Amino acid sequence: MSPKREGFKGQDLLVLPEEIKKAMAGSPLTSQLYITNIGHFPLAEEHLVVRDEKIPQHIFIYCVGGDGWCEVEGKRHIIREENFLIIPANTPHKYGSTEGWSLFWVHFRGTSSSMFADALCGGNYGTGCIFSKNRDTLELIREMIDDLNRGMTIDSCSYNSMKLWHFFANVIYNVQTENSDPENIIEKAISLMVDKVEEVLTLEEMSEALNLTPPYFCRLFKNKTGHSPVDYFIRLKIQRACNYLNFTNMKIKDICDEIGYSDPYYFSRSFKKIMGVSPAQYRKKPQW
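Each residue of the sequence shown is one higher than the one before, counting from 6 in the numbering used here.
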């Protein structure tokens with residue numbers, strides 16, 4: 006299957022007429038913030054959008070299933086389920102997914118659009134910002150899409166552009182609430198580590214996924230768990246290795262590969278530091 010930009014089963018893709026966009030740009034009711042495009046892809050497999058040219062709209066994308074990536078200013082970011090991202094206006098970019106993802110998206114303009122774009126992502130453009138699925142917020146964007154599907158008049162487009170204020174306010178408030186709760190952040194960090202325990206995951210990648218700076222994330226995580234994020238992740242890997250040693254006949258080298266260690270000697274040192282014995286000794290010793 007060749008990558009494609011749109012044309013997915015069950016998709017909604019709405020592009021507002023030019024004369025309506027011009028009218029909203031000149032109206033006191035909508036000139037600060039208005040929709041130019043909006044849509045939903047229930048399942049976009051082999052999705053690829055490449056915009057080398059600059060476009061005047063900011064883009065909001067919310068991934069509600071699957072995962073993908075976004076590249077802005079030469080830097081690629083992984084986008085996961087329950088992540089949203091902002092792509093700033095007049096910035097070449099790429100985004101897509103090989104396995105498939107489910108997306109809601111809005112292109113928006115207006116005299117206050119840059120303020121909203123910055124407030125939504127904290128200036129971290131292209132980065133996946135965590136936003137847990139919120140029924141009210143999802144219903145709001147579905148209502149906007151359904152309403153515009155019934156006809157794009159100046160009244161319906163203006164009405165739904167005013168609802169965009171409400172939608173963005175919900176996102177901003179819920180993100181701030183989630184990210185102000187240390188327990189919530191730690192739970193999300195640990196869930197991310199468990200999901201990626203068989204892969205390589207750096208401190209920078211963890212921090213980026215949580216929309217936090219590495220120093221703040223380290224301090225918060227250690228205060229709550231007693232371990233640095235990297236040490237905790239290593240311990241999860243060793244815990245997974247113990248399961249393989251206890252319940253399979255896998256070679257130690259294969260276990261290394263399975264849990265994301267490229268160097269068996271480094272794995273053995275890490276294992277012994279935590280478990281007190283080497284992997285080979287652990288396997289020989291009855292554990293129950």
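Virtual Cβ for every residue (Gly too), placed ideally from N, Cα, C. All of these numbers come straight from a predicted model, not from anything done at the bench.
With 16 other CB atoms within 10 Å as the buried threshold, where does M120 fall?
-> exposed
Buried versus exposed call for P61 [16 or more other C-beta atoms within 10 Å across all chains shown] | exposed
CA-to-CA distance, A214 to E203, given in whole angstroms = 17 angstroms
Under the three-state DSSP convention, the category K229 falls into = helix
Taking only the alpha-carbon atoms, compute the straight-line gap between T142 and F172 and give it to the nearest angstrom.
-> Our two residues, T142 and F172, have alpha carbons roughly 6 angstroms apart in a direct line.
According to DSSP, which residues form a beta bridge with L19?
-> I43
Can you say whether G115 is buried or exposed, counting buried as having 16 or more other CB atoms within 10 angstroms of its CB?
-> buried
For my contact list, H82 and G128 are in at a C-beta cut-off of 8 angstroms; report their separation, rounded to the angstrom.
-> So it is not a contact: roughly 14 angstroms between Cβ atoms.
State yes or no: is the C-beta of P93 within less than 8 angstroms of the C-beta of H63?
-> yes
Per DSSP, cross-strand counterpart(s) of A49 = W106
Cα separation between I135 and T230?
-> Approximately 21 angstroms, taken between the alpha carbons.
From I177 to C126, what does the alpha carbon distance come to, in whole angstroms?
-> 8 angstroms
Cα-Cα separation, S161 to K99 | Approximately 31 angstroms between the Cα atoms of the pair.
Alpha-carbon to alpha-carbon, E24 and M211 = 45 angstroms
Could you check which residue in L145, D152, L153 has the C-alpha nearest to that of N175?
-> L145
With DSSP as the reference, please indicate the residues paired to I64 in a beta bridge.
-> Bridge partners of I64: I92, H112.
Does the beta-carbon of S118 have 16 or more other beta-carbons within 10 angstroms, so that it is buried, or is it exposed?
-> buried
Determine the direct distance from the alpha carbon of S233 to that of G265, and round the result to whole angstroms.
-> 19 angstroms
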